[in-house]
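Report on one structure; see the data block that follows.
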Amino acid sequence: MGKKSYFNPVDLKVDFPAVENELLASWNKNGIVKKYLSHNKNSKKYFSFIDGPITANNPMGVHHAWGRTYKDLWQRYKNMQGFRQRFQNGFDCQGLWVEVEVEKELGFKNKKDIEVFGVDKFVELCRDRVKKYSGIQTEQSKRLGYFMDWDNSYFTLSNDNNYMIWHFLKVCNDLGWIYKGDDAVAWCPRCETAISQHEMLTEDYKELTHQSVFLAFPVTGQENEYLLVWTTTPWTIPANIAIALDADLDYVLIEVDGKKYWVAKGAKERIFAGVKVHEIKSTKGSKLVGIRYSGAFDDLPAVKAVAGTKNDKFHTVVATDDMILPITVEEGTGMVHVAVSSGAEDFKLGKKIGLPMIPVITDDASYLRNLGFLSGQNAKKHPELIIDYLKKLDEDGKHFFYKVENYTHRYPACWRCKTELVWKVTDEWYISMDTPARKIKQEKSISELKNWDDDEEVEKPLQDTRTLRERMKEVAGNINWIPLFGLDREMDWLTNMHDWLISKKNRYWGLALPIWECTKCGNFEVIGSEEELKEKAVAGYKEFKGKTPHKPQIDGIKIKCSKCGNIISRIEPVGNPWLDAGIVPFSTISENNKACGFTPSKTKPLYLKDKDEWQKWFPGDFITESFPGQFKNWFYALIAMSTVLVNTNPFKTVLGFGTLTGEDGRPMHKSWGNSIEFNEGADKIGADVMRWMYARQNPADNLPFGYKVADEVRRKFHIKLWNVYNFFVTYATLDGWKPGFHKRPGKQGNILDKWILVRFDQTLKEVTESLDRFDATDASGSIEKFVDDFSLWYIRRSRDRVGPAKESEQDSNAFYSVTYYVLTNLCKILAPFTPFMADTMYVNLTHEKSVHLADWPETPDVKSIDLELTLEMEKLREVVESAHAKRKELAIPVRQPLNGLQVTGFKLKTNGLEKLVLDELNIKNVVFKEGKGEIEVKLDTKITSELVEEAEVRDLIRKIQDERKNMGLNLTQSVDVWVEKIPESKKLVNWMTKKAQIKSLKEGEFRVVKSS
Ligand SMILES: [Zn+2]
Ligand SMILES: [Zn+2]
């Protein structure tokens, strides 16, 4: 073709992932990302997105790409609309998750290994791991096409972040909400630390089978009379204090083989199924309260010690409190083993009615040293110790053991190391949810001082004494939750959660809780900043200076107890990791977006330095995260911390989304072969196809993800659009068409052009409105529908308007300008969704630098008359579909022209539409008739000899075009053709000659030759 064409040719066998990798390189080389990030740096409009930090602990999975697609999508959209943004990514750096991985790497079994290795070295390795994986995740995110200010990500390990949490905790303490309390908490024996209620995720409950035991406790002073008790945790039996029953239930004394057992009447049949029993008597539970009994482990020193305290409830039957420990007859015996030290409800009941306690396990769940033969053995790993011992007592004639049964239940495991949890009484630090706020002496803010008038009496605002729970519920209600059920879930959690357990004992890599405790007088001090620490330090600050506030260096600092003057140390635990992520709206919004990372930055967070500037970004406009777990975790922590500090919502809208599963709907697991690693996914599927899968998904549902689904999405959307693009570029090049000014084409002579422009306007409006309400599903749905219309109707019906067979130059030019307009604008609205494909097409079409520097098209005013046209076209396409179906039914192929079609129930109003029906259906005449009800079509099936000849000519044309393709000739190359018989109709011959670019037509054996 000699002269260079305007458009680069399109590769029909496009390899999307390869194109994406090339484009990534060129975006960086040409500074597109930089230009994109600073596009609106002086804008007055702000859009504040707050990133939920990704745990920098492993490479990214495809499930991470779902949220990251949303994050990128809305930031791109707002960028195109001229909003100033921060583009700040976050990495979550501290906590058990990192520790456990480093322990694994080092082959450590328990915390002693860490101590031996050295805490400082261990902490350094945790930090290194975060550095390594944050780097890997950054590269992976870039591969997804995620445009962020990657050089300025925030890290929760930073000084800014840790000290801001200190500030938060100090305010909590000022309000009277920090306390140290004893409680039976969920505990991981491997990590040797408490697992807070926040961390007990549904997915960490596993269906497990444990051995449950029916125990007989001999009633004091009665021969062969026992209280029958059932437990699923035999290891807790040495901790038994009392037996609880329901005072209002009926209990019966049953005789079996000469032994008598007390059980709830309602449980009798189940327990003694198949056993010959005799009921001796029946009584209300209340009558049994106060009965004393003896236990199987009464000889152990720890048990003896408690017995010696002469607590009158020790080893007696007590009435339960329904609100704490409800008793049913559905399982067990209706009599419940109460081990105050080893169960959450047991502990509460004990506290309520004044029961003593026998602690039985250490931090790694070994039996304590005053437990005789059990001491030093691991309670959780060896339940048989207890069961075998009970059986042996029985053999020796001391009856304690009735039977063992396997029991399957949902049992929780550590969210990090998957070890089964135990319950253990321990003193931990909490933020109270239900304590009324203490009055704080409030300093006047600068703005208040300015308006302050000495002469007037200033009315002091009423002190807010509401509890944290009350405040948080109000704040949560001001947030826009998507999906809406998010609000219910958050409220449910806020209604039912206990106090926030913020301490983690025996751990190393985490927030150093800024609490210094006096062992002499019990006072504790909460330090709120680095400056305060420096001011209050009486020892160790010199060594600490310049280091980060982490273990072990932080623990060298001593301060003076403000009550008694004693020199005091920091408490041992680190903090709950959700404190780290919840504080980010306060700690990471910084001048020029230079948040503090691994090294301290020179600037302070705007919240501390310039509140007015900070408030431009706070509350955040938008956050998005996968919701399982986050109602208890990130969403909770954000709301809690913002409520405490500024008593308002930290973000305006949250978009929650479901869980990514394998294609088979099961959770992704390497061992099940349905898991896809991110890099592999990106290489095989391509980022744009992945992104489209996420965007179109209903966020409320789980997303089945895999190669089959991806192929289908690619075929139905990306390839379809790519083919349209290819058609346009191929013919525009062939016809030598070039774009002029990029403006909207004027009056349309062709109804198809008019229609597709209206459809585009409509789509643009829908997409804009959907994105404005954070609905990517509807937005991508509108685009998909448009691409269908564009490809399957507009282009399909326009094929004859271009190329050598076109009817008029004017009409083909109209087609090109309209298609060009639609394609380039479609690229713009696709840019946030599929940044690679959109940019590839856009740059080739426009010769501009990048679609990512373009503005969002203005939302059009779609007129009702235009909407009528789209509705009419929809109906018309229904007619066409019915007629096609009729043809199929009658086995008359489309290439066989027919004389007539009669349509009942639909009349065309708009000029030009009739031709579309005739051409599409290959019919000579169509008659529309009024009618009621459904549209009906009737074909005139009489096939005359002329119609037969026309069908044959169509066949011939197709054969010639196939030959042309085989010979590698382009569409304008004319050919000489030989056919067995030249058709009689002159009209048909002329048509064929034009359509197939035939220079000479002769009779002979079928043959196509390139004309000279
Ligand atoms: Zn664990
Ligand atoms: Zn003191």
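In this text, residue positions in the sequence shown follow my numbering: the first is 128, and each later residue adds one.
For every residue, glycine included, the Cβ atom is placed at its ideal position computed from N, Cα and C.
Whole-angstrom distance between residue j and residue i, CA atom to CA atom
i        : j        : result
Glu-149  : Glu-1008 : 42 Å
Ser-572  : Ala-708  : Its pLDDT being 42, under 50, Ser-572 is placed unreliably in this model, and the value from its coordinates should be taken loosely. For Ser-572 and Ala-708, the distance between alpha carbons rounds to 28 Å.
Gln-1124 : Gln-1100 : 7 Å
Thr-951  : Tyr-943  : 12 Å
Ala-374  : Val-487  : 29 Å
Lys-172  : Leu-891  : 22 Å
Asp-1046 : Tyr-947  : 24 Å
Lys-1122 : Met-1000 : 28 Å
Ile-686  : Trp-608  : 45 Å
Asn-288  : Tyr-534  : 46 Å
Ser-1112 : Thr-1071 : 13 Å
Lys-797  : Phe-805  : 13 Å
Ala-764  : Phe-758  : 9 Å
Leu-733  : Asn-719  : 10 Å
Leu-879  : Glu-1076 : 30 Å
Arg-1147 : Trp-542  : The question about residue 1147 has no answer, for the chain in this structure spans 128 to 1139.
Asp-993  : Gly-876  : 15 Å
Ala-492  : Ala-903  : 49 Å
Gly-867  : Asn-940  : 11 Å
Where residue i falls, given that 16 or more other Cβ within 10 Å makes a residue buried
i        : result
Ile-694  : exposed
Leu-1003 : buried
Tyr-834  : exposed
Ile-654  : buried
Gly-863  : exposed
Asn-578  : With a pLDDT of 45 at Asn-578, under the threshold of 50, the modelled position of that residue is not reliable, and the figure given next carries that caveat. That one is exposed.
Gln-267  : buried
Gln-590  : exposed
His-442  : buried
Thr-182  : buried
Tyr-332  : exposed
Val-978  : buried
Asn-157  : exposed
Phe-651  : buried
Phe-960  : buried
Ser-469  : buried
Ser-1138 : exposed
Trp-983  : buried
Whole-number beta carbon distance between residue j and residue i, since they are thought to touch under 8 Å
i       : j       : result
Val-227 : Cys-253 : About 10 Å separates the two Cβ atoms, so there is no contact after all.
Val-383 : Val-390 : With 8 Å as the limit, Val-383 and Val-390 do not qualify as a contact, their Cβ atoms being about 11 Å apart.
Ile-485 : Ile-368 : 7 Å
Met-847 : Val-914 : Before going on, a small fix: residue 847 reads as Lys here, not Met. With a Cβ gap of about 6 Å, Lys-847 and Val-914 count as contacting.
Phe-174 : Phe-214 : Not really, about 10 Å apart at Cβ, beyond 8 Å.
Thr-860 : Phe-134 : 6 Å
Val-549 : Lys-508 : Wrong, their Cβ atoms sit about 11 Å apart, outside the cutoff.
Phe-778 : Ile-750 : 5 Å
Thr-780 : Gln-889 : That pair is no contact at about 26 Å.
Identified DSSP bridge partners for residue i
i        : result
Trp-1105 : Lys-1129, Arg-1134
Ala-697  : A small correction: the amino acid at residue 697 is Arg; Ala does not occupy that position in the sequence shown. Paired residues: Trp-643.
Gly-747  : Phe-778
Asp-1067 : Gly-1027
Glu-334  : Arg-537
Glu-352  : Lys-387
Ala-311  : Val-552
Ile-514  : In DSSP, Ile-514 forms no bridge with anything.
Ser-630  : Gly-702
His-405  : Glu-382
Asp-377  : Lys-411
Lys-687  : Ile-694
Asn-505  : Ser-493
Q) Is the region 767-779 in contact with the region 699-714, if contact means three or more CB pairs nearer than 8 Å? A) A contact between stretches requires three or more CB pairs, one per stretch, nearer than 8 Å, and the region 767-779 meets this requirement with the region 699-714.
Q. Would you say the region 1027-1035 touches the region 1086-1094, given that touching needs at least three Cβ pairs under 8 Å?
A. Between the region 1027-1035 and the region 1086-1094, the count of C-beta pairs closer than 8 Å stays below three; the two stretches do not touch.
Q | Touching by the beta-carbon criterion (3+ pairs, under 8 Å), the region 408-428 and the region 437-453 | A | yes
Q | At least 3 beta-carbon pairs within less than 8 Å: the region 345-365 vs the region 447-465 | A | Between the region 345-365 and the region 447-465, the count of C-beta pairs closer than 8 Å reaches three or more; the two stretches touch.
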